[in-house]
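Data first, discussion second: the structure below is written as structure tokens.
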Amino acid sequence: MNSFHFNGSHYRAWQEPGSDRVRVDDAIVSVQPDGAHRFVAGLQGRSERLHAVADGDRVWVHWRGRAWALERVDPTRSSSVGGAAAAGIAHAPMPGVMVSLLVMQGQPVAEGDALLVIESMKLQTTICAAIDGVVAELPCAVGQSFQRGAVLAHLQAVEPAP
Amino acid sequence: MTPIRKLFIANRAEIALRIVRTARRMGIATVLPWHAADSHGPALQEADEKVQLFGEPPVSAFLDIAGLVRAARDTGCDAVHPGYGFLSENAAFARAVVEAGLVFVGPPADAIELMGDKISARRFAQEQGVPVTPSADEADDPVGFAERARAVGLPLLIKGAAGGGGKGMQIVREPAKLPDAIAVARRESERYFGDGRLFAERFVERPRHIEVQVFGDAHGHVVHLGERECSIQRRFQKLVEETPAPGLDPGLRERICSAAVTLAKAAGYVNAGTVECIVSPQREFFFLEMNTRLQVEHPVTEMVTGLDLVEWQLRVAAGEPLPLKQDQLRWHGHAIEARLLAEDADAGFVPDTGRVRLLRWPQGPGLRIDGGVTSGAPVTADFDSMLAKLVAHGASRELAISRLQQALAETVLLGVTVNADYLGRVLRHPAFAQGETDTGFLERHREALLPAPLRDDERRLLLAVAARALPDPSDRPAPQPYVAMGAWRN
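Taken in sequence, the protein lines are chains A and B.
Residue numbers 390 to 551, in the working numbering, belong to the letters of the first sequence in order.
Residue numbers 251 to 740, in the working numbering, belong to the letters of the second sequence in order.
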């Protein structure tokens with residue numbers, strides 16, 4: 390059985406051993422390999438041709454000109470960061486290069502304050518603070534490149550006054 | 251006459267491959283530079299020789315004038331083709347190539363300087379009687395520039411005087427937003443072009459972007475190869491280009507093309523160039539800028555004229571006269587190009603990176619693929635996000651569009667998010683079919699261009715195939731609780 394993260398939800402798919410039947414939700418979908426990375430699958434009584442390729446924990450599926458990335462979820466792993474702590478971490482929305490840092494470590498910032506400017510493939514984007522807090526860490530220096538999802542700034546949330 | 255025997259291509263990816271193919275057909279050997287961050291391209295497999303470049307970030311290797319000229323000389327080349335982007339519109343590069351005793355496959359450095367700078371090019375166009383939009387250019391005093399920019403009238407377009415490709419452009423519709431727009435444009439202009447001088451002009455609402463391919467030789471001849479419409483743009487970058495421009499009346503086409511030839515002739519222009527114009531809904535046209543190089547979208551012109559523009563470039567660079575005169579040129583049918591980019595068009599055109607895991611190019615009549623990636627190639631943020639150009643030709647616009655739609659649907663490129671389906675949705679939009687194109691098209695039809703949500707059975711189809719595409723589960727023992735669950739319910 391496989392668990393997938395897809396379009397913001399979790400789904401499970403289970404291939405019956407020794408058959409072309411894959412159980413998804415309460416339904417059965419017949420899927421037959423049809424050459425390298427090609428599959429024929431049933432949809433409403435018709436045969437649909439799809440391409441699919443696994444890439445680590447991600448499966449790319451191509452159907453009728455459109456492609457989707459389905460993330461396989463390992464049920465033994467789970468994220469432990471949540472809430473305000475997670476909101477204080479500014480992740481790179483895309484791969485790119487750091488253009489300028491507008492704040493310094495230790496500086497207090499308010500929600501919406503501009504923190505830094507990144508550039509990716511001819512596009513400059515300003516990253517703003519998601520919470521009120523103090524700049525705890527700026528792991529990426531000006532001129533340094535980063536991948537999508539990299540931590541660009543870490544804000545320590547300010548405890549609301551009692 | 252300076253016959254070219256060995257050509258150094260100061261570029262990479264699809265345009266490098268495209269140049270290699272023409273050079274080989276003409277019996278010219280090719281040398282291609284490469285960087286360790288970009289060693290998978292099909293062009294590298296096809297070139298006769300390769301030279302490794304070094305530099306960090308990798309793009310700097312392709313901007314290193316001295317390093318590239320040295321590499322060209324060391325490999326015994328007698329000419330340099332700059333492709334597009336990188337140093338293709340850099341007069342200092344053109345000059346350095348010539349001073350090293352090599353032929354630069356492009357216009358003379360003086361023509362690049364005159365026409366490549368937006369300010370001097372506009373002034374020159376005005377002098378030649380070619381219409382331009384009201385504007386203000388940058389003086390030494392940025393405060394004074396803001397005042398004069400405001401005086402031109404809103405809406406305003408602020409951009410780098412030395413720029414191109416939409417980099418650093420800002421639209422201002424409210425007076426209060428002007429200072430910020432100037433600051434951003436200056437920062438980007440300095441960063442990309444090393445020149446922070448700005449330029450402000452009246453922003454024409456609902457403009458069509460129409461450009462003319464011109465060609466000059468060293469014997470004083472200049473011809474045009476017709477126009478291209480490139481109005482389908484996101485963030486000032488072209489996504490879809492076609493020729494002829496749909497619905498452009500013959501009188502206006504003739505006036506635009508003649509103006510382009512006039513301009514190129516007056517500039518003493520040699521080799522391939524493109525005169526870019528905007529056409530207003532009231533059928534006025536204004537000179538925008540000249541690109542002093544081969545354009546990304548040149549294949550559509552090649553498909554309707556049956557010519558090879560890189561061959562013309564190499565012949566002209568060698569000192570030959572243009573192969574054809576204006577009255578010998580013919581145009582057949584309609585051609586349209588779509589740029590396949592590594593980006594998530596539905597999430598605001600956010601670039602994506604990854605590795606190409608599966609690649610299947612479409613085939614069919616009237617189809618041309620200029621691709622720069624191979625299966626297994628990493629797609630990084632080090633270089634431009636364009637992976638390929640799909641170009642379709644047909645007797646009619648409808649046939650060309652329909653062929654391109656099919657080609658996009660049959661393009662399987664998995665491992666990085668690409669915009670193939672989005673491009674297909676653009677081509678299927680009724681307004682596009684009607685030729686109702688202007689540079690605001692994608693933004694105006696943003697909602698209609700979103701993908702249809704998946705039905706439950708379609709979602710199950712994808713999940714089932716994804717499960718099947720994973721490595722054989724029998725290689726991994728099933729976890730005990732799942733086996734025990736048997737026919738589970740979700």
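C-beta: ideal position from N, C-alpha, C; glycine also.
In this text, all values refer to a predicted model and were calculated from it rather than measured experimentally.
9 Å Cβ cutoff, residue i in contact with chain B
i                       : result
aspartate 444 (chain A) : yes
serine 467 (chain A)    : Interpretation of serine 467 (chain A) is limited by its pLDDT of 45, a score under 50 that renders its predicted location unreliable; the figure taken from the coordinates is listed afterwards. It does not: the Cβ of serine 467 (chain A) has no partner Cβ on chain B nearer than 9 Å.
leucine 439 (chain A)   : yes
alanine 458 (chain A)   : yes
proline 497 (chain A)   : no
proline 422 (chain A)   : yes
Span of the beta strand (DSSP E) around residue i
i                        : result
cysteine 507 (chain B)   : Premise fails: cysteine 507 (chain B) lies in the alpha helix (DSSP H), 500-516, not in any beta strand (DSSP E).
proline 422 (chain A)    : 416-422
tryptophan 284 (chain B) : 279-285
glycine 748 (chain B)    : This structure leaves residue 748 (chain B) out entirely; chain B is present only between 251 and 740.
valine 301 (chain B)     : 299-303
lysine 575 (chain B)     : Here lysine 575 (chain B) belongs to no beta strand (DSSP E), and DSSP marks it neither H nor E.
Classification of residue i by the beta-carbon crowding that lies within 10 angstroms, buried from 16 upward
i                           : result
glycine 532 (chain A)       : exposed
phenylalanine 465 (chain B) : buried
glycine 742 (chain B)       : An answer regarding residue 742 (chain B) cannot be provided, because it is not within the stretch 251 to 740 covered by chain B.
threonine 272 (chain B)     : buried
aspartate 700 (chain B)     : Note on residue identity: the sequence assigns leucine, not aspartate, to residue 700 (chain B). Per the 10 Å Cβ criterion, exposed.
serine 607 (chain B)        : In the sequence as presented, serine is not what sits at residue 607 (chain B); that position holds arginine. Looking at its Cβ environment, which holds 16 or more other Cβ atoms inside 10 Å, arginine 607 (chain B) is buried.
threonine 252 (chain B)     : exposed
phenylalanine 304 (chain B) : exposed
asparagine 391 (chain A)    : buried
glycine 471 (chain A)       : The predicted position of glycine 471 (chain A) is uncertain, since its pLDDT is 43 and thus under 50; a value taken from the coordinates is nonetheless stated next. Its Cβ having fewer than 16 others within 10 Å, glycine 471 (chain A) is exposed.
serine 469 (chain A)        : At serine 469 (chain A), the pLDDT of 40 sits below 50, so the modelled position is not reliable and the matter cannot be decided from this model.
glycine 626 (chain B)       : exposed
asparagine 541 (chain B)    : buried
aspartate 360 (chain B)     : exposed
proline 531 (chain B)       : exposed
threonine 515 (chain A)     : exposed
glutamate 697 (chain B)     : exposed
leucine 575 (chain B)       : The sequence given here places lysine at residue 575 (chain B); leucine does not occur at that position. Its Cβ having fewer than 16 others within 10 Å, lysine 575 (chain B) is exposed.
Proximal residues of chain A, C-beta to C-beta of residue i below 9 Å
i                       : result
valine 600 (chain B)    : Pro482, Met483, Ser509, Leu512 and Arg537
alanine 631 (chain B)   : Met483, Pro484, Gly485, Val486, Ser509, Met510, Ser534, Phe535, Gln536 and Arg537
aspartate 707 (chain B) : Ala416, Val418, Leu432 and Gln433
threonine 603 (chain B) : Met483, Pro484, Gln536 and Arg537
Unbroken alpha helix (DSSP H) run spanning residue i, endpoints
i                       : result
leucine 677 (chain B)   : 670-678
tyrosine 334 (chain B)  : Unbroken run through tyrosine 334 (chain B): none, as it is neither H nor E.
histidine 548 (chain B) : 548-555
alanine 597 (chain B)   : No alpha helix (DSSP H) contains alanine 597 (chain B), which DSSP labels as neither H nor E.
serine 489 (chain A)    : Premise fails: serine 489 (chain A) lies in the beta strand (DSSP E), 485-490, not in any alpha helix (DSSP H).
valine 473 (chain B)    : No alpha helix (DSSP H) holds valine 473 (chain B); the beta strand (DSSP E) holding it covers 472-484.
valine 560 (chain B)    : 559-567
threonine 252 (chain B) : Where threonine 252 (chain B) is concerned, there is no enclosing alpha helix (DSSP H), given that its DSSP letter is neither H nor E.
Chain-ordered chain B contacts of residue i [CB-CB under 7 Å]
i                       : result
glycine 454 (chain A)   : Leu658, Ala659, Ala670, Asp671 and Gly674
valine 413 (chain A)    : Arg710, Leu713 and Ala714
histidine 451 (chain A) : Val662 and Leu664
valine 448 (chain A)    : Ala716, Ala719 and Leu720
Residue-level contact to chain A via CB, residue i, 9 Å cutoff
i                      : result
alanine 433 (chain B)  : no
arginine 268 (chain B) : no
arginine 423 (chain B) : no
arginine 441 (chain B) : yes
leucine 704 (chain B)  : yes
proline 701 (chain B)  : yes
glycine 569 (chain B)  : no
arginine 607 (chain B) : yes
arginine 696 (chain B) : no
Within chain B, the residues that residue i reaches when beta carbons sit closer than 8 Å
i                       : result
histidine 543 (chain A) : Here the premise fails: no neighbours, minimum Cβ distance about 22 Å.
histidine 394 (chain A) : Ordered by position in chain B, no residue passes the 8 Å Cβ test against histidine 394 (chain A), which lies about 11 Å from the chain.
For residue i: DSSP bridge partner residues
i                           : result
alanine 522 (chain B)       : B:Phe465
alanine 441 (chain A)       : A:Val450
alanine 716 (chain B)       : BP columns for alanine 716 (chain B) are empty, so no partner.
phenylalanine 537 (chain B) : B:Val382 and B:Cys527
leucine 313 (chain B)       : BP columns for leucine 313 (chain B) are empty, so no partner.
leucine 448 (chain B)       : B:Gly410
histidine 543 (chain A)     : A:Ile478 and A:Glu526
valine 662 (chain B)        : B:Arg610
Within chain A, partners of residue i - CB distance below 8 Å
i                      : result
arginine 610 (chain B) : His440
Residue i: contacting residues in chain A (beta-carbon distance under 7 Å)
i                       : result
glutamate 438 (chain B) : Gln513
arginine 678 (chain B)  : Those do not exist, as arginine 678 (chain B) stays about 10 Å from chain A at its closest Cβ, beyond 7 Å.
threonine 689 (chain B) : Near threonine 689 (chain B) there are no residues of chain A at all, since even the closest Cβ is about 17 Å away, more than 7 Å.
Where residue i meets chain D, residues with beta-carbon distance less than 8 Å
i                     : result
proline 307 (chain B) : Of the protein chains in the structure, A and B, none is chain D.
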